[in-house]
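Asker:
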Amino acid sequence: MKNWMITLITDFGATEYVGAMKGIIFSICPKARIVDITHNIKKFDIRRAAYAVYSSCKYFPKGTVHVVVVDPGVGTDRRSIIIKTEEHLYVGPDNGVFSFIDDVKEVYEIEYPAKSRTFHGRDVFAPIAAYLECGASPKDYGKLTDEYIKIVLKKYIKEDVIGGEVICVDDFGNVITNIKREDLEKIGVTYGGSLKMRLKGRIRTLKLLESYGFSRPGDLITVIGSEDYLEISVNQGNAAERLKIKGGEELEVFK
Amino acid sequence: MKNWMITLITDFGATEYVGAMKGIIFSICPKARIVDITHNIKKFDIRRAAYAVYSSCKYFPKGTVHVVVVDPGVGTDRRSIIIKTEEHLYVGPDNGVFSFIDDVKEVYEIEYPAKSRTFHGRDVFAPIAAYLECGASPKDYGKLTDEYIKIVLKKYIKEDVIGGEVICVDDFGNVITNIKREDLEKIGVTYGGSLKMRLKGRIRTLKLLESYGFSRPGDLITVIGSEDYLEISVNQGNAAERLKIKGGEELEVFK
Amino acid sequence: MKNWMITLITDFGATEYVGAMKGIIFSICPKARIVDITHNIKKFDIRRAAYAVYSSCKYFPKGTVHVVVVDPGVGTDRRSIIIKTEEHLYVGPDNGVFSFIDDVKEVYEIEYPAKSRTFHGRDVFAPIAAYLECGASPKDYGKLTDEYIKIVLKKYIKEDVIGGEVICVDDFGNVITNIKREDLEKIGVTYGGSLKMRLKGRIRTLKLLESYGFSRPGDLITVIGSEDYLEISVNQGNAAERLKIKGGEELEVFK
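Chains as they are written, first to last, in our numbering: chain A, 736 to 990; chain D, 736 to 990; chain H, 736 to 990.
1. In the DSSP output, what is D/Y843 paired with across the bridge?
2. Pop quiz: H/P807 and D/G948 are said to be a contact at Cβ under 8 Å. What is the actual Cβ separation, rounded to whole angstroms?
3. For H/E894, count neighbouring C-beta atoms within 10 Å of its own C-beta (all shown protein chains included) and say buried if the count is 16 or more, exposed if not.
4. Strictly below 9 Å CB to CB, what residues from chain D border H/S950?
5. Kindly confirm or deny that the stretch 818-830 of chain H and the stretch 966-975 of chain D touch, where touching means at least three C-beta pairs closer than 8 Å.
6. Any Cβ of chain A within less than 8 Å of the Cβ of D/P828?
7. Would you say H/G870 faces chain D, with C-beta separation under 8 Å as the test?
8. With DSSP as the reference, please indicate the residues paired to H/G899 in a beta bridge.
9. Kindly indicate which residue of H/D838, H/Y843 and H/K850 has the alpha-carbon position closest to the one of D/D963.
10. Measuring only between beta-carbons, confirm whether D/A749 sits less than 8 Å from chain H.
11. Can you tell me which of the three DSSP states H/Y774 falls into?
12. Just tell me which of D/K942, D/Y752 and D/K777 has its CA closest to the CA of D/V904.
13. Would you verify that the beta carbon of H/S929 is, or is not, closer than 8 Å to some beta carbon of chain D?
14. Alpha helix (DSSP H) containing H/I759: first to last residue?
15. Could you pull the start and end residues of the alpha helix (DSSP H) that H/L867 belongs to?
16. Of all the CB atoms in chain D, is at least one closer than 8 Å to the CB of A/F835?
17. Along the beta strand (DSSP E) that carries H/V958, what are the first and last residues, could you check?
18. So, D/K981 versus D/V924, is the Cβ gap smaller than 8 Å?
19. By the 10 Å Cβ neighbour count, where 16 or more other Cβ atoms means buried, how is H/S872 classified, buried or exposed?
20. Which chain A residues are close to H/Y947, counting only those with a beta carbon under 8 Å from its beta carbon?
21. Would D/T742 pass as a contact of A/T773 if the rule is Cβ separation under 8 Å?
22. If you drop the 5 nearest sequence neighbours on each side, which residues of the same chain put their C-beta closer than 6 Å to that of H/H855?
23. According to DSSP, simplified to helix, strand and coil, what is D/G923?
24. Per the DSSP calculation, D/Y825 is bridged to which residue(s)?
25. Work out the CA separation of D/G754 and A/S791 for me, nearest whole Å.
26. Is D/L888 helix, strand or coil by DSSP?
27. Could you work out which residue in A/N970, A/I911 and A/V800 is closest to A/C868 when comparing CA atoms only?
28. Based on Cα-Cα distance, which residue from A/E841, A/I863, A/R916 and A/D858 lies nearest to A/I959?
29. Are there any heavy atoms of the ligand FMN lying less than 7 Å away from the beta-carbon of A/F833, as far as the coordinates show?
30. Under the DSSP definition of a beta bridge, which residues are partnered with A/I781?
31. Grouping DSSP H, G and I as helix and E and B as strand, with all else coil, what is H/K931?
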């Protein structure tokens with residue numbers, strides 16, 4: 736079944752700029768079913784956008800076109816791209832927002848005349864997504880390319896120490912690291928136990944709990960988040976603010 | 736007419752977590768029509784969520800499934816439930832968010848294996864809502880139960896004094912009480928007149944106006960809100976901040 | 736093709752009040768396709784709402800009904816109106832929110848009994864929009880009128896000086912003026928060059944760039960925005976906060 740689905744991820748804060756994009760999409764492809772994934776990406780936070788793309792787009796049905804507009808370089812010579820995976824298409828700026836998609840098949844550099852220099856969401860990405868969902872092919876709007884910009888995350892396991900980094904902070908203030916459940920298993924850290932974490936020059940012993948609610952409100956804990964990554968959390972609080980942590984911060988975990 | 740409608744109420748702040756839930760729903764039930772009611776519930780504010788459920792879900796057409804995810808206890812042993820009313824189904828945690836639904840017919844305790852311990856919105860409530868909207872029955876996902884958690888609001892009328900409490904504060908800062916228009920009529924308080932209110936140890940005389948705009952910007956007033964409850968408001972301002980009031984605060988009203 | 740489209744612009748902040756409006760619309764017109772344009776208009780900021788209407792509604796397909804609820808005077812004697820343009824209908828309060836629609840054909844003053852005095856979004860505008868999209872005519876809900884409230888913006892060009900004003904500030908903090916690209920061309924200001932701006936008693940020399948990204952983060956610049964208006968911006972920052980500017984501020988531009 737053709738699903739006509741186009742999703743939107745932006746840092747526009749649910750403003751009328753999103754509305755203009757929707758209008759353009761519906762004008763080109765009246766059957767489109769537009770789905771707001773989020774417009775609350777922290778402005779210009781490419782890393783956060785990349786994680787949002789990773790942790791939501793894959794759940795959509797086959798044939799969905801995903802539009803991502805977190806784009807501090809709009810109007811400059813940064814490229815625009817279409818990414819084709821087994822089941823989906825992605826449209827947006829080539830600035831790292833597609834870093835964590837793990838089944839990329841083809842990448843196209845977009846060639847499309849933009850009406851404005853400041854709003855490619857409306858003038859480039861929205862119309863292309865609409866044409867793609869209505870049957871056009873990526874090659875109608877761009878040429879195949881071998882490269883696109885990817886954020887590469889640091890990660891190593893060495894003598895029972897896992898080194899990693901903070902992918903980003905979510906809207907609850909949870910600090911999402913790139914350390915996976917299976918990494919922790921390798922060094923013998925399991926639910927109900929504790930782990931040691933070196934972060935910003937300080938070593939803390941933290942519990943690894945099955946969910947936030949097993950701690951008291953205000954406790955600093957770790958959990959395995961919904962994408963199987965280790966997260967630092969405060970039950971009903973904001974871990975990132977407490978620790979003054981941003982995306983990119985390096986950390987080490989050991990038993 | 737089958738409406739395929741599934742609504743969402745969360746405290747996720749319109750983040751990509753909502754997007755992941757939508758993806759899961761569409762993957763299971765491609766015809767679903769997902770409606771965002773709100774994702775701006777104050778985080779973990781169960782009382783606020785319960786009022787949002789009360790004041791919006793009932794307006795939807797027959798057959799709608801409502802998903803509510805305000806869930807500080809996710810992953811603990813708090814139960815998950817399905818509530819069946821005359822026209823609607825509700826899915827969410829059993830923590831009080833369904834307190835103010837007034838035509839409950841049946842309650843089911845959900846039995847469903849969750850992939851994650853931290854995100855039942857995506858892994859339990861979204862898929863069950865999708866299956867229900869696509870034709871499944873509540874008993875396919877749970878067993879009948881006699882009880883569920885309800886917030887009980889205090890309320891009495893005694894010798895021309897109405898005692899009540901603040902249900903919650905809305906996003907405009909309006910303080911919504913559980914005192915109804917007909918309660919006020921019983922003690923002789925009517926539009927255009929004034930009332931006395933004992934609140935946080937202080938007695939104030941406040942006008943009861945037909946709408947905010949009948950006062951000057953900045954005036955502290957009362958109105959009968961859109962659900963027929965007495966509200967304390969500041970025209971173009973924030974009454975809750977001015978009075979430092981939260982949900983649960985007790986108050987008395989007299990003439 | 737009938738598109739069944741109804742858009743929403745409010746200052747409700749994506750709360751359940753929006754959800755109640757959606758429920759009412761779907762109950763009256765089950766085939767409706769409701770599109771959130773924005774609910775993030777600054778509360779009671781009519782000027783901002785008017786610009787949001789101008790810069791988004793026109794992109795929607797023919798036959799769309801637009802509902803606008805930014806309504807500090809709800810429940811008072813402010814009128815409610817339906818505006819008919821060549822392709823669209825607009826429903827909302829007569830307080831200036833429709834000021835910048837440039838192809839108005841007919842205006843109707845709404846006559847419709849409201850259930851509440853405080854929430855005409857749910858009790859007047861939503862149902863009327865639903866009836867209109869489902870086939871009713873504006874004259875079924877109101878009578879033709881000659882006048883409606885419009886914000887009139889100051890603008891003049893005199894001896895190579897353009898006088899104008901700030902229409903409003905967008906959610907990125909961009910200061911949107913009513914000076915158009917063609918006005919600037921008349922006084923010889925072009926991309927890559929600079930302009931002088933008198934604003935709040937101070938004259939600044941500012942670059943006119945093709946997009947934000949051509950400056951360094953933090954630089955105060957001007958661009959031609961996506962609606963062809965001159966904007967004052969800070970790359971990855973908030974120009975309005977930096978300059979302490981609000982809608983209505985007057986300015987002059989010269990070479």
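Even glycine gets a Cβ: it sits at the ideal position worked out from N, Cα and C.
Answerer: Once the coordinates are examined:
1. Note: D/Y843 sits in a beta bridge opposite D/I817 and D/L879.
2. Contact holds; Cβ gap of about 6 Å.
3. Taking all protein chains in view, the Cβ of H/E894 is surrounded by fewer than 16 other Cβ atoms within 10 Å, so the residue is classified as exposed.
4. The contacting residues do not exist; H/S950 stays about 30 Å from chain D at best.
5. No, the stretch 818-830 of chain H does not touch the stretch 966-975 of chain D.
6. Chain A has no Cβ within less than 8 Å of the Cβ of D/P828.
7. Using beta-carbon distances, H/G870 does not count as an interface residue toward chain D, since no partner is under 8 Å.
8. BP columns for H/G899 point to H/L986.
9. The alpha carbon of D/D963 has as its nearest neighbour, out of H/D838, H/Y843 and H/K850, the alpha carbon of H/K850.
10. D/A749 belongs to the set of residues whose beta carbon lies under 8 Å from a beta carbon in chain H.
11. It should be noted that the sequence gives His, not Tyr, for residue 774 of chain H. In the three-state scheme derived from DSSP, where H, G and I count as helix and E and B as strand, H/H774 is classed as coil.
12. For D/V904, the closest of D/K942, D/Y752 and D/K777 by C-alpha to C-alpha distance is D/K777.
13. Not an interface residue.
14. In this chain, the alpha helix (DSSP H) harbouring H/I759 covers E751 to I763.
15. A861 to E868 is the extent of the alpha helix (DSSP H) around H/L867.
16. Chain D contact via Cβ: absent.
17. Start and end: L955 to I959.
18. Contact: no.
19. The residue is exposed, with fewer than 16 neighbouring Cβ atoms inside 10 Å.
20. By Cβ distance, chain A contributes P807, V809, G810 and T853.
21. Taking 8 Å as the Cβ cut-off, D/T742 and A/T773 do not qualify as a contacting pair.
22. Excluding positions up to five away in sequence, the list reads V809 and A849.
23. If DSSP states are grouped into helix, strand and coil, D/G923 belongs with coil.
24. Within the DSSP bridge table, the entry for D/Y825 names D/H801 and D/I818 as partners.
25. Note on geometry: alpha-carbon atoms of A/S791 and D/G754 lie some 6 Å from one another.
26. Shown here, D/L888 sits in coil according to DSSP, grouped into three states, outside any helix or strand.
27. Note that residue 868 of chain A corresponds to Glu in the displayed sequence, not to Cys. Among A/N970, A/I911 and A/V800, the Cα nearest to that of A/E868 belongs to A/V800.
28. Answer by Cα proximity: A/R916.
29. As far as ligands go, the structure on display features none, and thus does not contain the ligand FMN.
30. Note: A/I781 sits in no beta bridge, so no partner.
31. Correct three-state label for H/K931: strand.
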